[in-house]
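Just so we're aligned, residue 230 is where the sequence shown starts under this note's numbering, counting upward by one.
For glycine and all other residues, C-beta sits at the position ideal for the given N, C-alpha and C.
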Amino acid sequence: MKSSEKELFDDIDYRILECIQSVNNISNTQIAEIVNLSAPAVHTRLKKIASQGIIDKQVAILNQQRLGFDLLCYVYMSTDIHREEELRILEDQLINIDEILECHSLTGEFDYLMKIVVRDRRELAQFIRKLNKMKVTRIQTNLSLREVKSTTALPIKGEF
Numbered sequence: 230m231k232s233s234e235k236e237l238f239d240d241i242d243y244r245i246l247e248c249i250q251s252v253n254n255i256s257n258t259q260i261a262e263i264v265n266l267s268a269p270a271v272h273t274r275l276k277k278i279a280s281q282g283i284i285d286k287q288v289a290i291l292n293q294q295r296l297g298f299d300l301l302c303y304v305y306m307s308t309d310i311h312r313e314e315e316l317r318i319l320e321d322q323l324i325n326i327d328e329i330l331e332c333h334s335l336t337g338e339f340d341y342l343m344k345i346v347v348r349d350r351r352e353l354a355q356f357i358r359k360l361n362k363m364k365v366t367r368i369q370t371n372l373s374l375r376e377v378k379s380t381t382a383l384p385i386k387g388e389f
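Quick look at the structure:
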């Protein structure tokens, strides 16, 4: 966040942000109780925060194991593509693969890192076959044994 944007927020705004990133579907009334404001004042502040593009989206986070997705994997991938238009095509293909939860372009040994979820080893093999059709030069797959920490909350506590 730029320093000019920081100045637009006070301690109460940051406390409101903490509330909404910690609890899904928390009501303005509940936030108001926590931050010591009225519900309409919280609503006004949330509208201001949203209008500045601070909130990307609000979603429910589903339990992957209960839905049968037993393998969480991190897939490193390298490609021999260097032209911008071809990279854009490759990235559009990656965006459209449902198993990919996150995909990051990297510096270093690999070009991309993907966080993927699949139901089993068979689906993992199918996923890797999809990648192999895309001018991939190298793939390294790491399976997560257990989750130690997972959060979508940004560390904004120090801001206020």
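Simplified DSSP state of residue i, which is helix, strand or coil
{"i": "T308", "result": "strand"}
{"i": "I357", "result": "helix"}
{"i": "K276", "result": "helix"}
{"i": "N292", "result": "coil"}
{"i": "N265", "result": "coil"}
{"i": "I326", "result": "coil"}
{"i": "I380", "result": "At residue 380 the sequence reads Thr, which differs from the Ile that was named. Residue state, collapsed to three classes: coil."}
{"i": "R367", "result": "strand"}
{"i": "K386", "result": "helix"}
{"i": "N254", "result": "coil"}
Per-residue burial, residue i [other beta carbons within 10 Å of its own, 16 or more giving buried]
{"i": "D285", "result": "exposed"}
{"i": "I260", "result": "buried"}
Residues sharing a beta bridge with residue i, DSSP
{"i": "M343", "result": "V304 and C332"}
{"i": "L372", "result": "C302"}
Beta-carbon gap between residue i and residue j smaller than 7 Å
{"i": "E320", "j": "V347", "result": "no"}
{"i": "L237", "j": "C302", "result": "no"}
{"i": "Y243", "j": "I357", "result": "no"}
{"i": "A268", "j": "T258", "result": "yes"}
{"i": "K344", "j": "E331", "result": "yes"}
Separation of residue j from residue i, as counted between CA atoms
{"i": "I241", "j": "V288", "result": "23 Å"}
{"i": "S307", "j": "V365", "result": "6 Å"}
{"i": "I255", "j": "L275", "result": "12 Å"}
{"i": "R350", "j": "L246", "result": "39 Å"}
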